[in-house]
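Chemist: The sequence shown begins at 31 in the numbering used here and counts up by one.
Handing you this structure, nothing more for now.
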Amino acid sequence: MENTLSLKQFLVNEQREGQAIDAHLIDLLDDVASACKEIHDAINHGALYGVLGSAESENIQGETQKKLDIMSNEMFIRCTESSGNLAGMASEEEEDVYSIPAQYPKGPYMMYFDPLDGSSNIDVNITVGSIFSIVKCPDGVTDPKLKDYLIPGTKQVCAGFTLYGPSTLMILTTGNGVKGFTLDPGTGVFKLTHNDIQIPQDTAEFAVNMSNQRFWEEPVQRYVQECIEGTSGSRDKNFNMRWVASMVGEVYRILTRGGIFMYPFDTKDPAKAGKLRLMYEANPMSFIVEQAGGVSSTGRERIMELNPTEIHQRVPVILGSKNEVDRVVSYHK
Ligand code: P6P
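Spelled out as structure tokens, the structure:
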């Protein structure tokens, strides 16, 4: 594609046009892009770099870590901690919030991230991704503590995810719509390729892990059953189903052609409100989905309005095409 804008050129243009983007955010996103390029390189070399397989360790979630989980976490931290844009970070792979080391300057932002979402798919060569969410650090705070991170998703100033798939693609919102930037592997530049992503209001495609069906609440049971019955039941159309088991893959498909993604509350483990994490999966994806004209709910509440109590807390997620998510929410009433 001739002279398409790079990520940085796009952000500088947005700043000049008066969008709420400052030099620190532009520089931070440049650092995030650097981390994503390093992760892209490791994933694309896979077995050749010996990066596949288990790290023989567990994360805070009690999940076995893949080597790439640990590597991508280290890449995110190393690429972003020293530039003076961040006051702190929270990662899926870090039990506690991460303070910027004393030798580095502090900045006005805090970042939450899942460095490698869907990593169970790594060893079977299916698309995975990095998810990030950025908020302003409270005024006067230079070393944010846990309580400073526990704020609702409506406070996000930026959210994005990078998809490591057939092509590497960064999806980004700063509150002014949703854009996509494709990595040019030859030059290492993320280039603007998707200028205004909008989710179709209707869909005939649902995404859910059907093996959990017996554990769902009645409204979700009813909705999915109606999709399966299609025109032989109460719906006026037939539905297709997809399940990639990588949230980034599901969300990008929905951004591209519509759909509804559900990881709802289930009674499989009553101690867990859902499987997905609020701060670095559900909130950033909800910001993106809403900016693209979609809806993101727990089934009962708008996800971005939830007041967090823990940095790794889980939440039920129902997101995507407005008219289908609204239907599921109506069944919960
Ligand atoms: P299941 C990946 O582990 C993840 O957090 C999401 O990316 C994905 O949507 C979900 O879990 C898949 O869960 O239970 O189908 O393996």
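Backbone N, C-alpha and C define an ideal beta-carbon position, used for all residues, glycine too.
Everything numeric in this text was worked out from a predicted model, so none of it was measured.
1) Between the stretch 343-353 and the stretch 313-333, do three or more beta carbon pairs fall short of 8 Å?
2) For a cutoff of 9 Å on Cβ pairs, would you count residue 41 as touching chain D?
3) Classify residue 266 as helix, strand or coil using the three-state DSSP reduction.
4) For residue 307, which residues does DSSP report across the bridge?
5) To the nearest angstrom, how far is the alpha carbon of residue 40 from that of residue 67?
6) How many Å lie between residue 252 and residue 276 at the Cα?
7) Could you say which of 183, 129, 238 and 60 lies nearest to residue 321 if we only look at CA atoms?
8) Give me the Cα-Cα distance between residue 194 and residue 104, rounded to the nearest whole angstrom.
9) Does the stretch 49-67 touch the stretch 123-142, meaning 3 or more C-beta pairs lie closer than 8 Å?
10) Looking at C-beta atoms only, is the number of pairs between the stretch 235-244 and the stretch 290-307 that lie closer than 8 Å three or more?
11) Is the beta carbon of residue 160 sitting closer than 9 Å to the one on residue 211?
12) In the DSSP assignment, what residue or residues form a beta bridge with residue 224?
13) Is residue 311 near the ligand P6P, going by C-beta to nearest heavy atom under 8 Å?
14) Is residue 281 near residue 334, with beta carbons less than 9 Å apart?
15) Excluding sequence positions up to five away, which residues of its chain have a Cβ less than 8 Å from the Cβ of residue 88?
16) Within 10 Å of its beta-carbon, does residue 264 have 16 or more other beta-carbons around it, so buried, or fewer, so exposed?
17) Name the residue from 283, 233, 301 and 171 whose alpha carbon lies nearest to the alpha carbon of residue 369.
18) How many Å lie between residue 178 and residue 343 at the Cα?
19) Would you check whether the ligand P6P has a heavy atom nearer than 8 Å to the C-beta of residue 358?
20) When you measure from the CB of residue 147 to every non-hydrogen atom of the ligand P6P, does any distance come out below 8 Å?
21) Assuming contact is defined by CB atoms lying nearer than 9 Å, are residue 117 and residue 174 in contact in what I supplied?
Modeler: From the atom records:
1) They touch, by the three-pair rule.
2) Any reference to chain D falls outside this structure, which holds one protein chain only.
3) Coil, per DSSP.
4) Residue 307 has 344 as its beta-bridge partners, per DSSP.
5) About 18 Å.
6) So the alpha carbons of these two residues sit roughly 24 Å apart.
7) Of the candidates 183, 129, 238 and 60, the one whose C-alpha sits nearest the C-alpha of residue 321 is 183.
8) The straight-line gap separating the alpha-carbon atoms of residue 194 and residue 104 is approximately 17 Å.
9) Under the Cβ criterion (8 Å, minimum of three pairs), the stretch 123-142 counts as touching the stretch 49-67.
10) The stretch 235-244 is in contact with the stretch 290-307.
11) At the C-beta level, residue 160 and residue 211 stay beyond 9 Å of one another.
12) DSSP, once it has assigned bridges, lists 210 as partnering residue 224.
13) At least one heavy atom of the ligand P6P is found less than 8 Å from the C-beta of residue 311.
14) At the C-beta level, residue 281 and residue 334 stay beyond 9 Å of one another.
15) Excluding positions up to five away in sequence, the list reads 94 and 95.
16) It is exposed - the Cβ of residue 264 has fewer than 16 other Cβ atoms within 10 Å.
17) Only positions 31 to 363 of the chain appear in this structure, which leaves residue 369 out of reach.
18) Cα to Cα, the separation comes out at about 15 Å.
19) For the ligand P6P, not one heavy atom lies less than 8 Å from the Cβ of residue 358.
20) Answer for residue 147: yes, Cβ within range of the ligand P6P.
21) Residue 117 places its beta carbon less than 9 Å from that of residue 174.
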